[in-house]
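S.K.: For reference, the structure I am asking about is given below.
Residue numbers (the numbering used here): 140 to 293.
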C-alpha cells in the first residue's frame, strides 16, 4: 500500500463513503426491526379479533397479571369489550365495534409498514449508488497506482 502523495485524498474519500454505507446498513437494520415489531403487533391484533369473535359469555380464559403470571377468569359479558384507543385511553365497545376498532388499528399498522418499506427501498437504492461510486473510486486508484508503477519502472 505504498501509494505516494496522490492516493491520500482518494483514501479519505473512500473512508467517508464506507462510513456512509455502514450508516445506511444500520438504518436498514433499524427499519427491519421496526417492521418486525409492527408485524408482531398485527399478530396480537389478529389474535384479539379471533378471541372476540369466538369467545362466548361464560367462557373461561387466562388473564395475564404481568410478570408472566396468569389467572383463570370467566367472561361475564362478551358483548362489551374494552379496547385501547391509543395515547393511554380505552373505551368500552360492543363486540362489532371492538373488532372494527382493532381492524382500523391494523390498517394503520399496514400503512406504517408500507411507509417503512418505501423508506427502506430508498436507503437501499442510495446504498447501491454509493457502492458503485466506491467501486469506481477504487478502480481509479488502481489505475493511478499502475500508472505510477509504470512511470517508476521507466
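In this text, a Cβ means the ideal position worked out from N, Cα and C, and glycines have one as well.
Looking at the structure shown, is residue 233 part of a helix, part of a strand, or coil, going by DSSP?
M.R.: Your numbering for residue 233 matches position 94 in the chain shown. It is a strand residue.
S.K.: Can you tell me the Cα-Cα spacing of residue 224 and residue 215, whole angstroms?
M.R.: Working through the chain shown from its first residue, we reach residue 224 at position 85. Working through the chain shown from its first residue, we reach residue 215 at position 76. One C-alpha to the other measures close to 23 Å.
S.K.: Looking at C-beta atoms only, is the number of pairs between the region 177 to 188 and the region 246 to 253 that lie closer than 8 Å three or more?
M.R.: The region 177 to 188 is in contact with the region 246 to 253.
S.K.: Residue 253 by DSSP, collapsed to three states: which one?
M.R.: To locate residue 253, count along the chain shown from 1; it is residue 114. Three-state DSSP puts residue 253 in a helix.
S.K.: Buried or exposed: residue 241, going by 16 or more other Cβ atoms within 10 Å of its Cβ?
M.R.: For this step, residue 241 is matched to residue 102 along the chain shown. Buried, by the Cβ-count rule.
S.K.: Inspect the CB distances between the region 159 to 174 and the region 255 to 264 and report whether three or more fall short of 8 Å.
M.R.: Because the criterion of three Cβ pairs below 8 Å is met, the region 159 to 174 and the region 255 to 264 touch.
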